[in-house]
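These notes concern the structure reproduced below.
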Amino acid sequence: MSAPWFLQRMAGLDFESSDKHPQTARIVTCALILVGGGQAPSTRTWLLSPGIPMEAEAISVHGITDEYAAEHGIPAEQGVGEIAQALMEVVTAGVPLVGHNLGGYDLNLLNAECARHLGDTLEGIVRQPLTRVIDTMVLDKHAAPYRKRVSETQGAYQMRTTAEAYGLGWDEDQAHGAEYDALMSARAAYRMGAIAFTPRADRPAWVQSLRNRRGPYERFDDLAVTDVEELHRRQVVWAREQGESYQVYLRARGEHAQADGVSTQWPLEQAEDVPAAEGAGA
1 MSAPWFLQRM
11 AGLDFESSDK
21 HPQTARIVTC
31 ALILVGGGQA
41 PSTRTWLLSP
51 GIPMEAEAIS
61 VHGITDEYAA
71 EHGIPAEQGV
81 GEIAQALMEV
91 VTAGVPLVGH
101 NLGGYDLNLL
111 NAECARHLGD
121 TLEGIVRQPL
131 TRVIDTMVLD
141 KHAAPYRKRV
151 SETQGAYQMR
161 TTAEAYGLGW
171 DEDQAHGAEY
181 DALMSARAAY
191 RMGAIAFTPR
201 ADRPAWVQSL
211 RNRRGPYERF
221 DDLAVTDVEE
231 LHRRQVVWAR
241 EQGESYQVYL
251 RARGEHAQAD
261 GVSTQWPLEQ
271 AEDVPAAEGA
281 GA
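Quick note on numbering: my numbering labels position 89 of the sequence shown as 89, and the sequence is numbered without any gaps.
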């Protein structure tokens, strides 16, 4: 029998980008960190020149200016190609991808960039469907629901909140860098898995006090699967339920346009049309 999913090799993945909309944003930095599985960590990072002005809000988050990216970053087409190739190697090796909001943002960002610069979808480039994705935001929302916002500026399930909830330290100076966030998501996934495979009576007190009991067990039990592909299939359902719940909440507030924009697809939104690669002839 193989080891539980949280003890297996994982590939932490994170991007910093030019804006918050995955279909229009451009990649600025990327980190891909292989950890766990009894092997030494392996880290790859990229800095890209996105080729378009970045939004001020994005710059305030990751701290990389247009001028710095243009001077030090590699061309976007080259960078996207290298990242896609690295992911193909990871996916082909059967190593699961892990990240925070990975299916809600990062993979869709890369998917759009692959179509934009390489003329194919991400799954087309890696030559197989993505079926081994671990999204710590989806897992956290399912296993520990009803968490309240920490403050007006810190949401209930953003990376910092999740890290702190699972007893991980947080360095705000390093936060919002792709390498730090990729590593923290992998560490958070490990903590979630460890709790899931711990007998209920021995789980942390904060877990035992959660308002998520269904019959004789807690929602963390749903994470106690050995097969990463089974965990992936469950996240497809949980992400859809979470998206539908948020849509209901927004519509109840009269925010119908925003509700219509909430995706219930995970880990990739299925677009009807793939945009042509930049520079391609008509």
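All C-beta atoms in this analysis are idealised placements derived from N, C-alpha and C, irrespective of residue type, glycine included. All values reported here derive from a predicted model rather than from experimental measurement.
Looking from the CA of residue 8, the closest CA among 14, 229 and 160 belongs to 229.
Residue range 10–17 is occupied by the beta strand (DSSP E) that includes residue 11. Fewer than three beta-carbon pairs drawn from the stretch 45–58 and the stretch 134–149 are found closer than 8 Å, and the two stretches are therefore not classed as touching.
In this chain, the alpha helix (DSSP H) harbouring residue 195 covers 178–196.
Within the stretch 4–67, the runs of beta strand (DSSP E) that reach at least 3 residues and sit entirely inside it are, in chain order, 10–17, 27–35 and 42–49. Within the same chain, and ignoring the five residues on either side of residue 14 in sequence, the residues whose Cβ sits closer than 7 Å to its Cβ are 31, 99, 106, 178, 181, 182 and 185. With a contact defined as Cβ atoms closer than 8 Å, residue 87 and residue 35 miss out at about 16 Å.
The bridge partners DSSP lists for residue 75 are 49. Under the three-state reduction of DSSP, residue 119 is assigned to coil, being neither helix nor strand. Judged by their CB atoms, residue 143 and residue 219 are nearer to each other than the 8 Å cut-off. With a threshold of 16 other beta carbon atoms within 10 Å, residue 207 meets it and is buried. In the DSSP assignment, residue 133 falls outside any alpha helix (DSSP H) and lies within the beta strand (DSSP E) extending over 133–135. Contact check for residue 221 and residue 196: beta-carbon distance about 7 Å, within the 8 Å limit, so the pair qualifies. Distance between residue 129 and residue 40, taken at the CA atoms: about 27 Å. With fewer than 16 other beta carbons inside 10 angstroms of its own, residue 171 counts as exposed.
With a threshold of 16 other beta carbon atoms within 10 Å, residue 53 falls short and is exposed.
In chain order, 156 place their CB closer than 8 Å to the CB of residue 148, counting only its own chain and leaving out the 5 sequence neighbours on each side. By the neighbour-count definition (other C-beta atoms within 10 Å, threshold 16), residue 90 is a buried residue. Here residue 109 is not near residue 199, since their CB atoms are 8 Å or more apart. Between residue 11 and residue 51, the CB-CB gap reaches or exceeds 8 Å. Taking the CA atoms as reference points, residue 121 sits about 32 Å from residue 224.
Note: residue 107 is not bridge-paired with any residue in the DSSP secondary-structure output. By the neighbour-count criterion, in which 16 or more other beta carbons inside 10 Å mark a residue as buried, residue 26 falls on the buried side. Annotated three-state conformation of residue 97 is strand, per DSSP.
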